[in-house]
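Written below as structure tokens is the structure these notes are about.
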Amino acid sequence: MHHISTELYQTRYAGEPHLMLLIDGQPLDQVLALHCQDSNLEGLVPTLIAGWLETKAEQQLVWERVRVMNEIPTIVPILMCPDDCDFSCTIVVIEVSASATTVSWPRVGYAVGETPYETLDELPASRLDSIKWMDSTTIWQFERTAYINAIQAFAMPESVV
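Each residue of the sequence shown is one higher than the last, beginning at 7 in the working numbering.
Encoded structure:
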């Protein structure tokens, strides 16, 4: 089983330190880059950082999905490009499923769905319509309480309650 936690961290491209998920003590962007053999993941920032996503619709979608923890897999946007901080650029997703005692991430991928720019309200859900899954044999499994504590450290913004 892997350990998940949260701490203040400075990623490569972010302008300031921010909260970052750590897996076994290592920043999530670096862990995924290593296991998925994709250096484009280094420097990405969590979508959960309060106030960093551009729109309320994007924030709401992320928090709605990250709260779903059951046996039915849910696709959760977890990392984003720190330059744009919206769903129009790089979005890394995880497939999340859970039991009463554990939370698992069996797959990691990129959101590659269409990005209609007519209205930003349509953007979040449509962006997650298609996922390109990365090649990785690693399944991350966490103790459920530790997972919930790590997610709650980001303190959901009041604007999406």
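Idealized CB from N, CA, C, for every residue including glycine. Just so you know, these numbers come straight off a predicted model, no measurement behind them.
The bridge partners DSSP lists for Y15 are H24. Judged by pairs of C-beta atoms under 8 Å, the region 145-154 does not touch the region 51-66, as fewer than three such pairs exist. Excluding the 5 residues flanking it on each side, I29 has same chain C-beta neighbours closer than 8 Å at H8, H9, I10, V37 and W146, in chain order.
Spanning the alpha carbons of V109 and M75 requires a straight line of approximately 7 Å. The C-beta of L14 has fewer than 16 other C-beta atoms within 10 Å across all chains shown, which makes the residue exposed.
Ranked by Cα distance from Q158, the options L27, Q16 and P23 are led by L27. Burial is judged here by how many other beta carbons sit within 10 angstroms of a residue's own beta carbon; R71 has at least 16 and is buried. Cβ-Cβ separation between D92 and E64: approximately 6 Å, consistent with a contact (criterion under 8 Å). Checking the DSSP bridge columns, you'll see T80 partnered with V102.
Going by beta carbons, P79 and V99 fall outside the 8 Å limit. Closest in C-alpha terms to W111, from the list H24, M140 and R18, comes M140. Of I154, A156, N155 and Y116, the smallest CA-CA separation from K138 is found for Y116. In the same chain as D35, and ignoring 5 residues on each side of it, the C-beta atoms closer than 7 Å to its own belong to T17, L47, E48, G49, L50 and L85, in chain order. For I55, no alpha helix (DSSP H) run applies, since DSSP gives it neither H nor E. Between H41 and S142, the CB-CB gap stays under 8 Å.
In the displayed model, A63 falls within a helix according to three-state DSSP. Closest option to E101, judged by alpha-carbon separation, among S94, P33 and R73: R73.
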